[in-house]
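Only one structure is covered here, and it is reproduced in the block below.
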Amino acid sequence: MLLSHAFGLFTHPDDEWISIRKEHAPPRRLYVAYVLVLAAIAPICAYISTAHFGWTVGNDRLIKLTEISALQLSILTYFAMLVGVFALGYAINWMAKTYGAVEEHVPSNGIALASYSCTPLFLAGFALLYPVPWFNAIVFLVAACYGAWLMFDGLPIVMGIEKERAVMYGGALLTVALVILVSTRVGSVLLWNFGFGPVFTH
């Protein structure tokens, strides 16, 4: 049932957001049945492409990661995505009162809005099976733009606020999303110093 929303968000997003608000799925169920599944697409595809396909940059020399290194980085990416979605959902609920929405004791709607808004980014992970950097960058940029639009579109519906306030609310959330992204990147660099950095095959 939850996975059916992924298709609806591309074909009739407004109706799908109304259905999501009525559904009011518990965060644990939403995470297990939706986020844990879709968030795994990018790490799995990245592991396959970086460890087995490889990619070329500039001089056409094939570059690959060792299987252990690719696996480590894929797992770290997976956990970073799970933490990022939860943090964004928590921020949506935490800022709710500021913008006239109802702050929930259990942030079901906030987590749902964050999870479903990230759907384009989750599905963009399939593009990693074609490991061409410029192609991957374009796909993820388009997915991020559509995900941001989905959030703006869903905020007034899911959180029950006026569209005028949703614009400011959405702007604040995009700032939070950027902070989360930068934090995960910084965290990744720090982990590289502890032996989790990329290891290339010779």
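Heads up: the sequence shown begins at 34 in the numbering used here, then just goes up one per residue.
For each residue, glycine too, the CB sits at the ideal point set by N, CA and C.
If you're wondering where the values come from, they're calculated on a predicted model, not measured in any experiment.
So, with DSSP's three-state summary, where would you put residue i?
i      : result
Leu36  : coil
Thr234 : coil
Thr110 : helix
Thr99  : coil
Apart from the five residues just before and just after residue i, which ones in its own chain have a Cβ nearer than 8 Å to its Cβ?
i      : result
Gly180 : Ser150, Cys151, Thr152, Pro153 and Leu154
Ala79  : Ala103, Leu106, Ser107, Thr110, Gly158 and Leu161
Val191 : Trp50, Ile53, Arg54, Asn142, Ala145 and Leu146
Asp48  : Gly41
Leu115 : Tyr64, Val68, Leu69 and Ala72
When the Cα atoms are used, what is the spatial distance from residue i to residue j?
i      : j      : result
Phe86  : Pro164 : 8 Å
Ile74  : Ile108 : 12 Å
Leu209 : Thr89  : The sequence given here has Val at residue 209, not Leu. Distance between the alpha carbons of Val209 and Thr89 is about 34 Å.
Leu188 : Ala129 : 10 Å
Ile51  : His38  : 11 Å
His57  : Val68  : 15 Å
Pro317 : Pro140 : Given a span of 34 to 235 for the chain in the structure shown, any question on residue 317 remains unanswerable.
Val118 : Gly204 : 17 Å
Phe168 : Leu156 : 15 Å
Ala66  : Leu36  : 8 Å
Ile101 : Ile81  : 12 Å
Gly220 : Phe112 : 12 Å
Round the Cβ separation of residue i and residue j to the nearest angstrom and send it over; I've been treating them as touching at under 8 Å.
i      : j      : result
Leu146 : Ile171 : Actually they do not touch by this definition, with Cβ atoms about 26 Å apart.
Thr234 : Thr99  : 6 Å
Ser148 : Leu63  : 6 Å
Return the first residue and the last residue of the alpha helix (DSSP H) that residue i is part of.
i      : result
Ala72  : Counting along the chain, Ala72 falls outside any alpha helix (DSSP H), and DSSP gives it neither H nor E.
Cys178 : Pro166 to Val191
Leu156 : Thr152 to Ala157
Ile53  : Pro46 to Glu56
Pro60  : Pro60 to Leu63
Mind checking if residue i is an interface residue toward chain B, Cβ cutoff 8 Å exclusive?
i      : result
Thr131 : Looking for chain B here will not work: only one protein chain is present.
Which residues in the same chain as residue i place their Cβ atom closer than 7 Å to its Cβ, once the five residues preceding and following it in sequence are excluded?
i      : result
Tyr132 : Ile194, Arg198, Met201 and Tyr202
Ala134 : Met192, Gly193 and Ile194
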